[in-house]
Amino acid sequence: MKKIIVLFALISFTVGLNAGITKEEIYNTNPQVFEQLKKDLKDINTIKTDEIKQAYLDKQINDAVKLVLSNKELLKNATYAVIRNGKILKTSASKDADGLSFWHRHNPDVANPPAENTCVITNPVWDNVGLYATNDTCGWMSYQLSATSQYNNLPRPLVTPTIYLLPETDDNVIENLYPGVAYDVDLLDIKALGIHYYYDLVSNPQREIPFRNHSIVNDTIAGIVTFYNYNDMTLIDKNTDPFLYTADWDRFNTYYRPTEYSVYNQNIMTLKSGTYIPLLVTGYFMTDNWWEGFTVILKWFRVNVENYYLGDVAVEEHNQADLANIIWNNHQIKIELANSVNPANTSYELYDISGRLIKKEYLSSHQTTHNMPTLTASGVYIIRIKGKNLSLSKKIVFKK
5 MKKIIVLFAL ISFTVGLNAG ITKEEIYNTN PQVFEQLKKD LKDINTIKTD
55 EIKQAYLDKQ INDAVKLVLS NKELLKNATY AVIRNGKILK TSASKDADGL
105 SFWHRHNPDV ANPPAENTCV ITNPVWDNVG LYATNDTCGW MSYQLSATSQ
155 YNNLPRPLVT PTIYLLPETD DNVIENLYPG VAYDVDLLDI KALGIHYYYD
205 LVSNPQREIP FRNHSIVNDT IAGIVTFYNY NDMTLIDKNT DPFLYTADWD
255 RFNTYYRPTE YSVYNQNIMT LKSGTYIPLL VTGYFMTDNW WEGFTVILKW
305 FRVNVENYYL GDVAVEEHNQ ADLANIIWNN HQIKIELANS VNPANTSYEL
355 YDISGRLIKK EYLSSHQTTH NMPTLTASGV YIIRIKGKNL SLSKKIVFKK
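Residue 224 in my numbering sits at position 220 of the sequence shown, and the numbers go up by one each step.
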């Protein structure tokens, strides 16, 4: 870059001294350097043009997402919207509106899978993490462009979709999507709003190719994850390639960490119970001149996460509730096990609301009483009973 600047300055200075100088004369001065300079200047122009184009595209998408997320009725009653220049052109509640489908499904290898649009977390071990995990019960976010879709006939094809997972609040209003976070909605960035998001790298188009071929594209619901730091990537889901990304995985306090499980010295985290919105974003440029307009296409649905591992879901709702009973009286924890449960292989664990393990011990009999450890603060805690084919939790409120 310094060489380019110096050469450009020298050429400009020379031209300033002699306005009649021609580029042929400059070329004859040093043909090799002149040709390299032309190439470098062309590359700089291409890079800057691409940056401006991407900034324009980001703004069109961000404005469209803001328009949908801030419309309570639209977000609730529809699952598809087409937006151009800040105006909604079309909405629909159809799963496959205009030949573009976006839905949730479970791994077919899972025995007795949960209901559709339901993610169940019971046993967060590394083997259960990832796109091909046999025991994964969070399932996939899948999308597909049909061969008969009207979008196949566009002069310019749809851009490769990106999927974002967003938390939801009762209000369904963008200003309240993320309580406790100071966020200027006028400067909305969809990447910053997502818990995580999936997109193709330019050099690794593993989503674009099947999308163009009308195949189903799958990305996991990352209910069980471990995180790393690698450039702008701070969250990885096992076997997800290209990787799953997030701007700040802990920003919205949607994951419990740490659990007792870890891999590569990184703690495995579990998604908290609640409702989440998978959002698919694509669209197309109106003309060959990208600055003349971009049509944004959004599709979304809701996924309910049920985290039994750390007590988000009451123990009496769990299908193993008849194997154990937890009784709490603010001073002691009484645990009763069914006769079919071996106490020697069953542990009692106490966590704070963030998922930090406070105490763990194995049980000595089918009926045991445990004193609360010395705690510094009143608040919500989680009792968990874990054994062979047993994983039950109960949320308690401790008052000092």
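Ideal placement from N, C-alpha and C gives every residue a C-beta, glycine not left out.
Closest residue to residue i among the options (Cα-Cα distance)
i      : options                        : result
Ala119 : Trp130, Trp107, Asn127         : Trp107
Leu396 : Met290, Tyr155, Glu340         : Glu340
Glu365 : Gln40, Gly359, Val72, Ser351   : Ser351
Leu275 : Pro128, Asp223, Ala151         : Pro128
Ile337 : Leu158, Val401, Gly143, Val221 : Val401
Ala226 : Tyr249, Arg216, Asn217, Tyr288 : Tyr249
Thr258 : Ile228, Asn343, Leu283         : Ile228
Cys142 : Leu354, Lys404, Thr95, Val307  : Val307
Asn329 : His370, Asn293, Arg216, Ala115 : His370
Ile194 : Lys43, Leu71, Thr230, Tyr260   : Leu71
Ile331 : His374, Tyr312, Lys94, Val221  : His374
Tyr312 : Lys398, Asn343, Ser105, Gln40  : Lys398
Ala381 : Thr372, Lys403, Ser368, Leu367 : Lys403
Asp292 : Lys57, Cys123, Asn34           : Lys57
Val309 : Asn34, Gln40, Pro171           : Pro171
Counted within 10 angstroms of its Cβ, other Cβ atoms place residue i as buried (16 or more) or exposed
i      : result
Glu77  : exposed
Arg211 : buried
Gly383 : exposed
Val125 : Note on residue identity: the sequence assigns Ile, not Val, to residue 125. Looking at its Cβ environment, which holds 16 or more other Cβ atoms inside 10 Å, Ile125 is buried.
Lys390 : buried
Lys80  : exposed
Asn346 : exposed
Gln36  : exposed
Pro112 : exposed
Ile281 : buried
Gln148 : buried
Lys392 : exposed
Ala82  : buried
Asp222 : Note that residue 222 is Asn in the sequence shown, not Asp. Result: buried.
Leu394 : buried
Pro159 : exposed
Ala97  : exposed
Ile213 : exposed
Ala68  : buried
Ser368 : exposed
Asn333 : exposed
Asn208 : exposed
Asn34  : exposed
C-alpha distance - residue i paired with residue j, whole-angstrom precision
i      : j      : result
Arg388 : Thr279 : 23 Å
Pro377 : Gly359 : 16 Å
Val163 : Ile386 : 45 Å
Ala186 : Leu197 : Low confidence applies to Ala186: its pLDDT is 45, below 50, so where it sits in the model is not reliable, and the reading given next is rough at best. Using only the alpha carbons, I get a separation of about 12 Å.
Trp130 : Trp304 : 29 Å
Gly287 : Thr53  : 20 Å
Ile4   : Ala348 : What is shown of the chain runs 5 to 404, which leaves residue 4 out entirely.
Pro117 : Asp140 : 9 Å
Lys94  : Tyr84  : 8 Å
Asp62  : Met290 : 16 Å
Glu55  : Thr224 : 30 Å
Cys123 : Ala115 : 14 Å
Val157 : Ser74  : A quick correction: the sequence has Asn, not Val, at residue 157. C-alpha separation (whole angstroms): 32 Å.
His335 : Asn343 : 26 Å
Ile92  : Gln64  : 13 Å
Phe215 : Ser105 : 11 Å
Ala59  : Lys43  : 24 Å
Gln40  : Asn66  : 39 Å
Thr372 : Glu353 : 13 Å
Contact belief for residue i with residue j at Cβ below 8 Å, rounded distance in angstroms
i      : j      : result
Val285 : Pro165 : 6 Å
His218 : Ala151 : 5 Å
Leu283 : Tyr155 : Between Tyr155 and Leu283 the Cβ distance is about 18 Å, and since that is not below 8 Å, they are no contact.
Ile220 : Ser146 : 5 Å
Thr230 : Ile272 : 5 Å
Tyr260 : Leu314 : 5 Å
Closer than 7 Å to chain B by CB, residue i
i      : result
Ile339 : Structure shown: chain B not included; a single protein chain is present.
Q. Can we say the segment 84-102 touches the segment 196-216, given the rule of at least three CB pairs closer than 8 Å?
A. The segment 84-102, when compared against the segment 196-216, does not touch it at the 8 Å Cβ threshold.
Q. Do the segment 294-303 and the segment 86-93 make contact, defined as three or more Cβ pairs closer than 8 Å?
A. Contact between the segment 294-303 and the segment 86-93 is present: three or more C-beta pairs spanning the two stretches fall below 8 Å.
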